[in-house]
Amino acid sequence: MVYFECGLCNETVKKPKLAKHLQSCGSSWVSCIDCSKVFAWNEWEKHTSCMSEAQKYQGNLYQAKESTNKGQLKQDTWVDGVRRAIEDPQSDIAPQIRNLVQKLLGFDNIPRKQKPFGNFVKNSLKIWDQPKIDAMWDVIAVANAKPVNGKPTGAAGPAAAEENKPPARAGWPGWKRAIDEELKSGAMPWKRLCTRVVERYRESGHSGDNDELELQALSSIPEDYCCPKTPTVKLCAA
Numbered sequence: 001m002v003y004f005e006c007g008l009c010n011e012t013v014k015k016p017k018l019a020k021h022l023q024s025c026g027s028s029w030v031s032c033i034d035c036s037k038v039f040a041w042n043e044w045e046k047h048t049s050c051m052s053e054a055q056k057y058q059g060n061l062y063q064a065k066e067s068t069n070k071g072q073l074k075q076d077t078w079v080d081g082v083r084r085a086i087e088d089p090q091s092d093i094a095p096q097i098r099n100l101v102q103k104l105l106g107f108d109n110i111p112r113k114q115k116p117f118g119n120f121v122k123n124s125l126k127i128w129d130q131p132k133i134d135a136m137w138d139v140i141a142v143a144n145a146k147p148v149n150g151k152p153t154g155a156a157g158p159a160a161a162e163e164n165k166p167p168a169r170a171g172w173p174g175w176k177r178a179i180d181e182e183l184k185s186g187a188m189p190w191k192r193l194c195t196r197v198v199e200r201y202r203e204s205g206h207s208g209d210n211d212e213l214e215l216q217a218l219s220s221i222p223e224d225y226c227c228p229k230t231p232t233v234k235l236c237a238a
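Take the sequence shown: its letter number 151 is residue 151 in full-length UniProt numbering, and every next letter is one higher.
Here is the structure:
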């Protein structure tokens, strides 16, 4: 995540929240915390990644690891695409939805698949109005689209979600069953549930990126398990 220092008030602000800060502060320039480069009002959005502390102090001796910050760079690039979509004056996004998406960009690790995105909105913004969530997802889906053979594709559909699931192995009951078994002892916050299910997944001999596994666990929680007014998950009554 890239951080900037405001040129007027000297406050350190992470990139997703910078546009809102500059509007309220009135500053016309910022500087990058890592590389100290100065950017004018309309230039900082293009600064999507920067040098690490090791690169900054090792200079020519620095040797970057192939996978360093790859996931973060992908997330930052995606967030920039969402921001451009909501700031496009030609877009027909409703002002209320635009403001909600802008607020959502202040959070880290926003899911890029529809079902976990809906759960994330409910738990982070405390929004339970499904039409609003669907409207927010429509904005996200447009920004998610990537050209494939000259044709744009929207957000990942069921086939892609199925393809991205970690392979099942002996000893692992599957995401849904693991969730049910964890909830037999009672309701719990969705974050704790995801952590416990991922731990069980690893204990059964599996591996994978922790963020991706937690998103997989979150997307496997049935909608009717989610409590409408709290970030709690519980089994449905028989």
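Don't be surprised by glycine CBs; every beta carbon is placed ideally from N, CA and C.
On a predicted model such as this, the values are computed, not experimentally measured, just so you know.
Checklist entry - beta strand (DSSP E) containing K14: first to last residue? => result In the sequence shown, residue 14 corresponds to position 14, counting from 1. Per DSSP, K14 belongs to the beta strand (DSSP E) from 12-14.
Checklist entry - Nearest to K229 by CA position, among K126, E214, C194, is which residue? => result In the sequence shown, counting from the first residue as 1, residue 229 sits at position 229. Checking every option, the nearest Cα to that of K229 belongs to K126.
Item to check | When T77, D88, E87, N99 are compared against residue 294, the one with the closest alpha-carbon | outcome: Because the chain is modelled from 1 through 238, residue 294 falls outside the range shown and cannot be assessed.
Checklist entry - Who are the Cβ neighbours of S124 in its own chain at under 8 Å, not counting the five residues just before and after it? => result For the purposes of this step, residue 124 is taken as residue 124 along the sequence shown, with counting starting at 1. Correct list, in chain order: L104, F107.
Item to check | Selection from Y225, P173, Q23 that minimises the alpha carbon distance to R200 | outcome: Locating residue 200 in the sequence shown gives position 200, where the first residue counts as 1. Nearest of Y225, P173, Q23 to R200, Cα basis: P173.
Checklist entry - Using the C-alpha atoms, what's the distance from K17 back to L8? => result In the sequence shown, the residue the question calls residue 8 occupies position 8. In the sequence shown, the residue the question calls residue 17 occupies position 17. Each residue's alpha carbon lies about 16 Å from the other.
Item to check | Identified DSSP bridge partners for F117 | outcome: For the purposes of this step, residue 117 is taken as residue 117 along the sequence shown, with counting starting at 1. Paired residue(s): none; F117 is not in a bridge.
Next on the checklist: Please return the same chain residues whose Cβ sits closer than 8 Å to the Cβ of S219, not counting the five positions on each side in sequence.
Outcome noted: Counting from one through the sequence shown, the residue named residue 219 turns up at place 219. Cβ neighbours of S219 beyond the five flanking positions: P111, K113, K115, P116, N119, A161.
Checklist entry - If you follow the beta strand (DSSP E) that V198 is part of, which residue opens it and which one closes it? => result Taking the sequence shown and counting its residues from 1, the one referred to as residue 198 is at position 198. Where V198 is concerned, there is no enclosing beta strand (DSSP E), although the alpha helix (DSSP H) it sits in stretches over 190-203.
Item to check | Under the three-state DSSP convention, the category V82 falls into | outcome: Numbered from 1 along the sequence shown, position 82 holds the residue referred to as residue 82. If DSSP states are grouped into helix, strand and coil, V82 belongs with the helices.
Next on the checklist: Bridge partners for W29 per DSSP, in chain order?
Outcome noted: As a position in the sequence shown, residue 29 is number 29, starting the count at 1. Note: W29 sits in a beta bridge opposite A40.
Checklist entry - Shortest alpha-carbon distance to D138 belongs to which of A40, I86, K176? => result Indexing the sequence shown from 1 puts residue 138 at position 138. Selection A40, I86, K176 evaluated against D138 yields I86 as nearest (Cα-Cα).
Item to check | Where E212 falls, given that 16 or more other Cβ within 10 Å makes a residue buried | outcome: Residue mapping note: residue 212 aligns to position 212 of the sequence shown, counting from 1. E212 should be labelled exposed.
Checklist entry - Using the C-alpha atoms, what's the distance from V233 back to C227? => result Along the sequence shown, one-based indexing puts residue 227 at 227. Along the sequence shown, one-based indexing puts residue 233 at 233. In a straight line, the C-alpha of C227 is about 6 Å away from that of V233.
Item to check | Test item: CB-CB of A40 and W29 under 8 Å | outcome: The residue labelled residue 40 in the question sits at position 40 within the sequence shown. The residue labelled residue 29 in the question sits at position 29 within the sequence shown. In this structure, W29 lies closer than 8 Å to A40 by Cβ.
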